[in-house]
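Asks:
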Amino acid sequence: EAGVTQFPSHSVIEKGQTVTLRCDPISGHDNLYWYRRVMGKEIKFLLHFVKESKQDESGMPNNRFLAERTGGTYSTLKVQPAELEDSGVYFCASSLLESGLPLHFGNGTRLTVT
Amino acid sequence: GDSVTQMEGPVTLSEEAFLTINCTYTATGYPSLFWYVQYPGEGLQLLLKATKADDKGSNKGFEATYRKETTSFHLEKGSVQVSDSAVYFCALILLSGGYNKLIFGAGTRLAVHP
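Right, dumping it as C-alpha cells:
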C-alpha cells in the first residue's frame, strides 16, 4: 500500500509570500495530523482532522495558517503570509479511525522562509 | 503540561559502541511511550513502544524499558552500526478529546562512523 505522501519535499520562499503544502494520507485513514519541527526543537502538534472535520486545532500558531481537508481525503496547509519563524519541517501523519495507532508519517516538507 | 525531554545531541559513536539516549517524561495519567526514528531523507518510523510500567519495547537490536518510578524511557543498543545513523525521537501518547495525540521530544541525532 502507498504510504503518506507530502508535496513538495522542499520549498524556499521569501517572507510575505504564500505557500501551500499538501498531504495525501493512506487510503481509508480518517485521522490526519499535521506536525511541525522547527530546527533543533521538538516536533509539535498543529492539528488533527477526523475525515473532513477539524477535531483539534489547538496547535496552530496563528491565523496565518489555514488547514483544509475537503472531502476527507487529501489535506492542504497554507501559510499566508509566511514569516521567517515559519521555517521548519512540516510532517503529516494518518491513521485508522478505530485504532488511532499507529500513526504513519510522511517524509515531511522542508520549508525555508528567507 | 505533558512533555518529553531528551538528551541533546549530536551523539557521535564508533561502530559497535554501546548507545544510550536518555528520555524522561512528564504526564498526567498513564501514557504509552514510543521511540520514533527518522533516517536521512525519510519520514518518521515507529521504532518501538511500551504501554505499561516495566514493559520493554524492542526492535532492530534497540531496547527501552518503561520506568514509571523514574518517568523514563531510555533507548539502548549494545552495538551500533553505521546504518543506525539517524534522528531519534522519544514520544508519549496523550488521550485528548477521545483521540490520541503524540507529544514528541526534541530529537537526538546519532552519527555512527566506521
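In order, the protein sequence lines correspond to chains A and B.
Heads up: take any position in the first sequence, counting from 1, add 4, and you land on this note's numbering.
Heads up: take any position in the second sequence, counting from 1, add 355, and you land on this note's numbering.
Note that beta-carbon positions come from the ideal geometry of N, C-alpha and C, so glycine has one too.
These numbers come from a predicted model, not from an experiment.
Using only the alpha-carbon positions, how far apart do Ala466 of chain B and Phe373 of chain B sit?
Replies: Position 111 of the second sequence, counting from 1, holds the residue named residue 466 of chain B. Position 18 of the second sequence, counting from 1, holds the residue named residue 373 of chain B. If you take the alpha carbons of Ala466 of chain B and Phe373 of chain B, they lie about 13 Å apart.
Asks: Do Lys58 of chain A and Leu51 of chain A have their C-beta atoms closer together than 8 Å?
Replies: Taking the first residue of the first sequence as position 1, residue 58 of chain A is located at position 54. Taking the first residue of the first sequence as position 1, residue 51 of chain A is located at position 47. Taking 8 Å as the Cβ cut-off, Lys58 of chain A and Leu51 of chain A qualify as a contacting pair.
Asks: Helix or strand or just coil, what does DSSP make of Leu105 of chain A?
Replies: Within the first sequence, numbered from 1, the residue matching residue 105 of chain A stands at position 101. Three-state DSSP puts Leu105 of chain A in coil, outside helix and strand.
Asks: Can Val392 of chain B and Ala446 of chain B be called in contact, C-beta distance under 8 Å?
Replies: One-based indexing of the second sequence puts residue 392 of chain B at position 37. One-based indexing of the second sequence puts residue 446 of chain B at position 91. No, Cβ-Cβ distance for Val392 of chain B and Ala446 of chain B is not below 8 Å.
Asks: Locate the beta strand (DSSP E) running through Phe69 of chain A, then write down its first and last residues.
Replies: What you label residue 69 of chain A is simply residue 65 of the first sequence in a count that begins at 1. Taken as a continuous stretch (DSSP letters only), the beta strand (DSSP E) holding Phe69 of chain A covers 69-72.
Asks: Can you list, in chain order, the residues of its chain with a C-beta nearer than 6 Å to that of Ser434 of chain B? Leave out the 5 residues immediately preceding and following it.
Replies: Within the second sequence, numbered from 1, the residue matching residue 434 of chain B stands at position 79. Only Glu371 meet the Cβ criterion.
Asks: Below 8 Å on the Cβ atoms is my contact criterion, and I expect Ala2 of chain A with Gln21 of chain A to pass it. Report the Cβ-Cβ distance as a whole number of Å.
Replies: The requested residue 2 of chain A is not part of the displayed model; chain A covers only 5 to 118.
Asks: Would you check if there are 3 or more beta carbon pairs closer than 8 Å linking the segment 63-77 of chain A to the segment 94-102 of chain A?
Replies: No, the segment 63-77 of chain A does not touch the segment 94-102 of chain A.
Asks: Which residues of chain B have a Cβ atom closer than 8 Å to the Cβ of Lys45 of chain A, listed in chain order?
Replies: For the purposes of this step, residue 45 of chain A is taken as the residue at position 41 of the first sequence. By Cβ distance, chain B contributes Ala461.
Asks: Report the option in A:Phe69, A:Ile47, A:Asp28 whose CA atom is closest to the CA atom of Lys456 of chain B.
Replies: Along the second sequence, read from residue 1 onward, the residue named residue 456 of chain B stands at position 101. Considering only alpha carbons, the answer is A:Ile47.
Asks: Do Leu101 of chain A and Val23 of chain A have their beta-carbon atoms positioned less than 8 Å apart in this structure?
Replies: Taking the first residue of the first sequence as position 1, residue 23 of chain A is located at position 19. Taking the first residue of the first sequence as position 1, residue 101 of chain A is located at position 97. In this structure, Leu101 of chain A does not lie closer than 8 Å to Val23 of chain A by Cβ.
Asks: Would you mind telling me which residues of chain A sit closer than 8 Å to Leu447 of chain B, beta carbon to beta carbon, in chain order?
Replies: Numbered from its first residue, the second sequence carries residue 447 of chain B at position 92. Result: empty, since nearest Cβ-Cβ is about 12 Å, beyond 8 Å.
Asks: Using the beta-carbon of each residue, which ones in chain B are nearer than 7 Å to Leu107 of chain A?
Replies: Walking along the first sequence from the start, residue 107 of chain A turns up at place 103. Under the 7 Å cutoff, chain B gives Leu457.
Asks: Going by C-alpha to C-alpha distance, which of B:Gly462, B:Ile458, B:Arg464 sits closest to Ser387 of chain B?
Replies: Looking up residue 387 of chain B in the second sequence gives position 32. Selected option, being the one with the closest Cα: B:Ile458.
Asks: Kindly indicate the opening and closing residues of the beta strand (DSSP E) around Tyr39 of chain A.
Replies: Working through the first sequence from its first residue, we reach residue 39 of chain A at position 35. Looking at the DSSP string, the run of the beta strand (DSSP E) that includes Tyr39 of chain A is 35-41.
Asks: Using 8 Å as the limit for Cβ to Cβ distance, is His14 of chain A near chain B?
Replies: Working through the first sequence from its first residue, we reach residue 14 of chain A at position 10. No, its Cβ sits nowhere closer than 8 Å to a Cβ of chain B.
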